[in-house]
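In my numbering, the protein residues as written are 116 to 411.
For glycine and all other residues, C-beta sits at the position ideal for the given N, C-alpha and C.
Written out below as structure tokens is the structure these notes cover.
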Amino acid sequence: MEIRQLRYFLDIADTEHLTQSAQNLYVTQSTLSHGLRQLEQELGVVLFDRLGRGLKLSPAGQEFRAYALRALKELEAGRMALSDLSGLQTGRLTLGVFPTFLHTVVPATVAAFHRDYPKVSVAVRALRAGPIEEQLLRGELDLGIAFHPALHEDMEAEPLFDERLLVVVHAGHPLVSAPQWPLDALDGMPLALLTRNFATRRQIDEQFRQAGLAPDVRVEMESVEALLGVCRHSVALATIVPERAARQCPDLHAAVIDAPGWVRTAGLLWRRGASRSAAALEFARRLRESAGAGTC
């Protein structure tokens, strides 16, 4: 089995068309077809179902794809480790970042990293906590920035910093003068919250459950920015969002919830046992420094 065959397989899996993959890989279509046939013969399975002029991953191909991705990722990590003996000169760093950290935690570190290592390309994917862990496990990410503790037992999670969850309302809200709200002040209050796909929403629901309260959720949205936008246009609705996001909206009123447990812990995530490239280790080190200095 050759590396080029794995690259051929993965590109075809993405494009589902030999002609497009041949163009992407700068090879002839016959070379691509020959490499794919060799791989299938070596594995003893059919990796693609032929559908007219297109190709679709077979069940065996779907199973093999995760292993091929992981193998190439490990080879790239090894190549980077060797090149890093003389410093971080080249390579690629792929990060999975929880959306609310994308605008507050990551930008300064990415900019400083690029300044010092301009030949290392950085790709940042905005993902929820679950998909971050899934892609780390498949070897598609070098590093994740989400929450501690991790959801999956095969993940290693390192606490990065704690962040309070604040209640945010329109400047004309009846309770706007209160810097702190008792939790029972939210009982029966119309709320706009993230959907249950988000770890932060599940934490909020659990906090209400432990207090014996049921949140009155009137609006559910897929982003913190959208929730804040709704509160900007509604005197009645309140939302509960991370402090860093809340403090970026001086036109809204943010208040601390006067009850224990309304804190989430950001975390660095790695796949347990996976090799770590020098680029990922250096980026993680810089994030730790920012967190320790309170600049995350």
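Between the region 331-344 and the region 262-274 there are fewer than three inter-stretch CB-CB distances shorter than 8 Å, so the stretches are not counted as touching. Across the structure, residue 361 and residue 371 are spaced so that their CA atoms are roughly 11 Å apart. For residue 278, the number of other beta carbons within 10 angstroms of its own is at least 16, and it is reported as buried.
A straight-line Cα-Cα distance of about 7 Å links residue 161 and residue 175.
In this model, residue 248 and residue 163 are separated by some 27 Å (Cα to Cα). A Cβ-Cβ separation of about 5 Å places residue 306 in contact with residue 332 under the 8 Å criterion. When only Cα atoms are considered, residue 368 and residue 354 end up about 11 Å apart.
Assigned with DSSP and collapsed to three states, residue 302 falls in coil, not helix or strand. If you ignore the 5 residues before and after residue 171, its C-beta comes within less than 7 Å of the C-beta of 131, 163 and 164, all in its own chain and listed in chain order. Rounded to whole angstroms, the gap between the alpha carbons of residue 321 and residue 282 is 16 Å. Residue 309 is bridged by DSSP to 336.
Under the three-state reduction of DSSP output, residue 241 falls in the strand class. In the three-state reduction of the DSSP assignment, residue 269 falls in the coil class, being assigned neither a helical nor a strand state.
Look at the region 333-383 and you find these whole runs of alpha helix (DSSP H), each 4 residues long or longer: 339-347 and 358-361. Counted as a single uninterrupted DSSP element, the beta strand (DSSP E) harbouring residue 211 occupies residues 206-212. Per DSSP, the continuous beta strand (DSSP E) segment holding residue 164 begins and ends at 163-166.
Taking a contact to require three or more Cβ pairs closer than 8 Å, the region 209-220 and the region 229-245 qualify as touching. Pairing residue 386 with residue 252 gives a Cβ-Cβ distance under 8 Å. Nearest to residue 118 by C-alpha distance, out of 358, 395 and 183, is 183. If you draw a straight line from the Cα of residue 397 to the Cα of residue 358, it comes to about 27 Å. Just measuring C-alpha positions, the residue of 146, 348 and 121 sitting nearest residue 158 is 121. Taken through DSSP and simplified to helix, strand or coil, residue 256 comes out as coil.
In the structure shown, residue 386 falls within a strand segment according to DSSP collapsed to helix, strand and coil.
Beta-bridge partners of residue 262 (DSSP): 381. Nearest C-alpha to residue 290 among 311, 351, 191 and 405: 351.
Counting other Cβ atoms within 10 Å of its Cβ, residue 136 reaches 16 or more and is therefore classed as buried. When rounded, the separation of the alpha-carbon atoms in residue 167 and residue 180 is 22 Å. In the structure shown, residue 317 adopts helical secondary structure according to DSSP, grouped into three states. Inclusion of residue 392 and residue 128 in the CB contact set at 8 Å is not warranted, their separation being larger than that value. Taken through DSSP and simplified to helix, strand or coil, residue 221 comes out as coil.
A Cβ-Cβ separation of about 6 Å places residue 206 in contact with residue 394 under the 8 Å criterion.
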